[in-house]
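This report refers to the structure that appears directly beneath it.
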Amino acid sequence: MSEIGIYARVSTTDQDPKRQLDELREFGQDTYDDAEIHEYADIISGTNTDRGDEYQRLRADIEAGHLDTVVVHELSRLSRLGAGEIHEFLEFCLSHETGIQDREVGLEISLEDDLVDRTVSQLIAGVMGDLARVEHKQKLRRIQSGIDAAKEAGRWTGRPPAGFDVEDGYLRVNADEFLTVRRALERVEQGYTYPEAADGTPVAESTLRNLYDNRRELYFYAEADDDRLQAAAQQLEPLEQPDIPSETSLPEQEIRTIVRDEIHRHQQ
């Protein structure tokens, strides 16, 4: 039986590594026969370069010879731990007879590879890490630039979107209304019709349909193409992961019954 370690690392704004772990677990079960899966997950600020506790536990298990292969969503996730971390981690794994699999790009470094293949794979992984670090820094600059632009010239004219108010010409999030809209959008994701999802909320069906088609990323993850919206929505960060059922969730009819009972309870 293969011993497979799956490692997920998310930022504090992502909140929950469950989605990554679910995908990695499914990948490990499909790829490795009769594999025993060991899970490791760190929640760390995107700007933090420290090694997480679970990453340290992963390395300890590798060193102890407990794992045959480590599967990660992206090797580039390790790049935030500092320059050269990917290369060092690959060397560490191989020196303890542990293979590495990157699920995102399909990069695999196996103990069965010859020296040339390993060298090329490590070179590719190192380049991936360098690119990821550059991309991460650019993302941080873009976000800060967007916030600054919203402060300097981002005055909002006209009616604000659902879940926001305008104060002194600038958008401000209305937490109660924002979360009400978010919950209605979650119901749509769970399979409710638009009339059912809007029932019991102040959100009109037509508004909900428009928000779902064009702005659900804003309400689920505080992400928007409009810098003014994103800067305002970030007042609520960190947001919890949206309540979207996976394949292993409760049956749809049972979910609907639970949600309807909750709505009726709050209306009483």
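Quick note: the sequence shown, position 213, residue 1262 per the working numbering, numbers continuous. All C-beta atoms in this analysis are idealised placements derived from N, C-alpha and C, irrespective of residue type, glycine included. These numbers come from a predicted model, not from an experiment.
* Note the first and the last residue of the continuous beta strand (DSSP E) segment covering Tyr1089. => 1085-1092
* For Thr1118, the nearest candidate out of Asn1259, Ala1109, Glu1146, Val1252 (CA to CA) -> Glu1146
* Rounded to a whole number of angstroms, what is the C-alpha to C-alpha distance between Glu1216 and Gln1284? -> 14 Å
* Asked: Do you know offhand how far Tyr1056's Cα is from Gln1105's?
  -> 11 Å
* **Backbone CA spacing between Glu1072 and Pro1066 [nearest angstrom]** => 10 Å
* Thinking just about the alpha-carbon of each residue, which of Asp1082, Asp1083, Asp1079, Ala1109 is nearest to the one in Tyr1089? -> Ala1109
* **Glu1140 classed as buried or exposed, judged by whether at least 16 other C-beta atoms fall within 10 angstroms** => exposed
* Asked: Taking just the CA atoms, how far does Phe1076 sit from Ala1199?
  -> Reliability of the predicted coordinates at Ala1199 is poor, the pLDDT of 49 falling under 50, and the value obtained from them is presented with this limitation in mind. If you take the alpha carbons of Ala1199 and Phe1076, they lie about 41 Å apart.
* Asked: Would you say the beta carbon of Asp1102 comes nearer than 6 Å to a heavy atom of the ligand ZN?
  -> Ligands displayed in this structure: none; no statement on the ligand ZN is therefore possible.
* Could you name the residues of the same chain whose beta carbon sits closer than 6 Å to that of Gly1218, not counting the 5 residues immediately before and after it, in chain order? => Arg1204
* Spatial distance of Leu1267 from Glu1238 (CA atoms) -> 15 Å
* Enumerate in chain order the residues of its own chain whose CB-to-CB distance from Gly1148 is below 8 Å, with the five nearest sequence positions on each side excluded. => Asp1117, Thr1118, Val1119, Cys1142, Glu1157, Ile1158, Ser1159, Leu1160
* **Per-residue DSSP class, three states only, for Glu1052** => strand
* For Asp1262, which three-state DSSP category applies? -> helix
* Asp1248 to Met1050 span [Cα, whole Å] -> 51 Å
* Taking 7 Å as the cut-off, decide whether the C-beta atoms of Val1252 and Val1222 are in contact. => no
* Asked: Just the Cα atoms here: how many angstroms apart are Val1165 and Ile1092?
  -> With a pLDDT of 47 at Val1165, under the threshold of 50, the modelled position of this residue cannot be trusted; read the value that follows with caution. Cα-Cα distance, rounded: 35 Å.
* Asked: Thinking just about the alpha-carbon of each residue, which of His1087, Val1059, Gly1212 is nearest to the one in Thr1256?
  -> Gly1212
* Could you tell me the distance, in whole angstroms, from the CA atom of Arg1074 to the CA atom of His1122? => 10 Å
* Asked: Excluding the five sequence neighbours on either side, which residues of its own chain have a C-beta within less than 7 Å of the C-beta of Gln1316, listed in chain order?
  -> In this prediction, Gln1316 scores a pLDDT of 49, lower than 50, which makes its location untrustworthy; no coordinate-derived value is stated.
* Asked: Would a C-beta distance cut-off of 7 Å place Glu1258 and Ala1246 closer than the cut-off?
  -> A small fix is needed here, since residue 1258 is Arg in this sequence, not Glu. Not closer than 7 Å, so no.
* Asked: Which whole runs of the beta strand (DSSP E) in the region 1219-1274 are 3 residues long or more, in chain order?
  -> 1219-1222
* Where does Ala1281 fall in DSSP's three states? -> helix
* **Pair within 7 Å by beta-carbon distance, Leu1124 and Asp1151** => yes
* To do: Using beta-carbon positions only, say whether Pro1322 and Phe1269 come within less than 7 Å of one another.
  => A query on residue 1322 cannot be resolved here, the shown segment of the chain reaching from 1050 to 1317 and no further.
* Asked: Looking at the unbroken alpha helix (DSSP H) that takes in Arg1103, where does it start and where does it end?
  -> As written in the sequence, residue 1103 is Glu, which differs from the Arg given in the question. First-last of the alpha helix (DSSP H) with Glu1103: 1102-1112.
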